[in-house]
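S.K.: Quick one: structure below, then a few questions.
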Amino acid sequence: MRLILLGPPGAGKGTQAKMLTQKFNIPQISTGDILRKAVKDDTEIGQRAKQFMDGGCLVPDDLVIDLIKERIREPDCQNGFILDGFPRTNVQAEKLTETLKAMNVDIDAVVEFRVNPEEVVNRLTGRSTCSECGAMFHETSRPPKQAGICDHCGGALSKRPDDNKDTILKRLDVFKNETEPLKDFYRKQGTLKTAEGSGTAEEIFDRVCAMIS
Ligand code: ADP
Ligand code: ZN
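All residue numbers for the sequence shown refer to numbering that gives the first Met the number 0, where the first residue is 0 and numbers rise by one.
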């Protein structure tokens with residue numbers, strides 16, 4: 000199963016990707032996570048990406064394209080993968096199509112999540128993530144039992160530096176201009192499916208599973 004998750008920041012792509020990973024036993028490939036790790040490890044890619052990420056802008060295409068090209072050829076991707084946050088521009092989508100063609104494989108479905116922008120701002124400003132296990136919490140909808148501490152592993156929770164209101168609005172704008180047009184690209188390819196992105200994670204997951212099975 001090869002899936003692409005498409006949707007604005009805060010649409011719940013990461014949460015759904017993690018649930019899909021467990022169900023289908025295929026890896027989640029999140030360019031955002033890969034880039035954040037590169038920033039944390041202070042690699043060359045991380046140093047190039049940081050300024051763009053902090054400002055809510057996309058990093059240059061060549062940076063993520065090379066990264067993805069290598070990643071989807073790794074052995075754990077043989078039975079499929081879930082792309083979370085890639086492609087995000089026309090150039091990325093075209094390069095991905097080329098790469099998959101060369102590998103002789105196809106995307107099974109592109110799942111688009113629809114959510115309203117106010118909901119997104121609320122979800123992201125209240126969000127925190129465990130620095131150890133990656134679990135996500137929200138100050139009102141999914142608060143940790145003890146403030147600042149992960150329920151699952153006791154790790155410290157932290158907020159992403161780009162989860163502040165101004166940067167969120169910028170990211171939404173970038174999504175609208177650069178990424179949303181990809182819906183047409185995949186609609187023409189016949190792979191686009193639209194999921195209503197409101198409700199609990201479990202409700203959304205059921206919708207997604209019904210669509211792709
Ligand atoms: P979100 O979807 O909530 O904005 P991500 O974790 O997917 O968060 O991405 C965080 C940041 O990483 C983006 O704002 C952007 O700077 C960078 N990034 C991630 N994926 C891509 C991509 N495919 N192309 C360009 N930049 C990307
Ligand atoms: Zn944890």
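Note that CB positions come from ideal geometry on N, CA and C, so glycine has one too.
1) G154: beta carbon under 6 Å from a heavy atom of ligand 2?
2) Could you have a look at F23 and say whether DSSP puts it in helix, strand or coil?
3) Which full runs of the beta strand (DSSP E) of 3+ residues lie inside the segment 75-144, going along the chain?
4) Mark E242 as exposed unless 16 or more other C-beta atoms lie within 10 angstroms of its C-beta, in which case mark it buried.
5) On the DSSP bridge list, what partners appear for A10?
6) Is the segment 72-83 in contact with the segment 157-176, if contact means three or more CB pairs nearer than 8 Å?
7) Looking at C-alpha atoms only, which residue of V119, D150, N115 and T139 is the closest neighbour of E131?
8) Counting Cβ pairs closer than 8 Å, one from the segment 106-121 and one from the segment 155-168, do we hit at least three?
9) Between the beta-carbon of I106 and the beta-carbon of I211, is there less than 7 Å?
10) Per DSSP, L171 is paired with what?
11) Tell me the residue span of the beta strand (DSSP E) that contains T193.
12) Rounded C-beta distance between D156 and P143? I'm assuming under 8 Å.
13) What is the C-beta distance between Q91 and D65, in whole angstroms, given that I count them as a contact (C-beta under 8 Å)?
M.R.: In terms of the structure at hand:
1) yes
2) helix
3) 80-83, 108-113, 126-129 and 135-137
4) Residue 242 lies beyond the range of the chain shown here (0 to 212); nothing can be said about it.
5) BP columns for A10 are empty, so no partner.
6) no
7) D150
8) yes
9) no
10) In the DSSP output, where bridge partners are listed per residue, L171 has none listed.
11) L191 to E195
12) In the sequence under discussion, the amino acid at residue 156 is Leu, which differs from the Asp named in the question. That pair is a contact at about 6 Å.
13) Not quite, the Cβ-Cβ distance comes to about 11 Å (not below 8 Å), so this is no contact.
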